[in-house]
Amino acid sequence: MNDSWFEIICPICLMLCVRFIEEIIFRGFLFRAIAKDNVKTTIILLSITFGIGHLLNLVNGRGMEFATNLFQVLGAIAFGFLFVILFYLSGSLLPCIIPHSVINILSAFANETGLTVERRIAFILIKFIIIAIYVLILTKTLPEK
């Protein structure tokens, strides 16, 4: 196999597997375990926990700047909120796994070194627009519980 293809396919597969596992942990196990007491509190708690978990990127060896990581954490809280709402409405992890994977693939491009702050912000806005459209489509097509 050509090394360049391997270098592209392997990280994408890893990215998809990690997102799948994150969704199983945060939306699958934790939501079901905690939501029995209070759904609203669970949604907020899991959103914040999901965002704070992204602080690990400060120490994972990638050399992410604090300001960049702070934006990532805030975005992860917002997306975490969105994902847990999608899970709550649909009862399925699939509507969460798909946008989570798309976001992370787009983020790989946004985090390229040498990008200006403006371009990074543009990538963030593009991600939010794509996910907003996705959520609008899902909310119109998901059956009511």
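Using the numbering used here, read the sequence shown as starting at 174 and increasing by one per residue.
All C-beta atoms in this analysis are idealised placements derived from N, C-alpha and C, irrespective of residue type, glycine included.
Any heavy atom of the ligand SAH closer than 7 Å to the Cβ of C269? The model on display carries no ligand, and the ligand SAH is accordingly not part of it.
Cβ-Cβ distance between L279 and I299 below 8 Å: Between L279 and I299, the gap from beta carbon to beta carbon is short of 8 Å.
Three or more C-beta pairs under 8 Å: does that hold for the segment 261-276 against the segment 177-197? Because the criterion of three Cβ pairs below 8 Å is met, the segment 261-276 and the segment 177-197 touch.
Could you spell out the range, first to last residue, of the alpha helix (DSSP H) harbouring K213? Boundaries of the alpha helix (DSSP H) harbouring K213: V212 to G226, taken from the DSSP string.
Taking 7 Å as the limit between beta carbons, can you name the residues of its chain near A208, skipping five residues before and five after? Scanning its chain for C-beta atoms nearer than 7 Å, with the 5 sequence neighbours on each side dropped, one finds around A208 the residues T215, in chain order.
For chain B, find out if any of its Cβ atoms is closer than 8 Å to the Cβ of R293; answer yes or no. No chain B is present in this structure, which holds just one protein chain.
Three-pair Cβ contact test at 8 Å for the segment 240-249 versus the segment 261-274: Contact fails: fewer than three Cβ-Cβ distances are below 8 Å.
Round the Cβ separation of G253 and F223 to the nearest angstrom and send it over; I've been treating them as touching at under 8 Å. Yes, they are in contact, since the Cβ atoms of G253 and F223 sit about 3 Å apart, within 8 Å.
Mind reading off the beta-carbon distance from F239 to L229? Whole number of angstroms is fine, and I expect it under 8 Å. About 13 Å separates the two Cβ atoms, so there is no contact after all.
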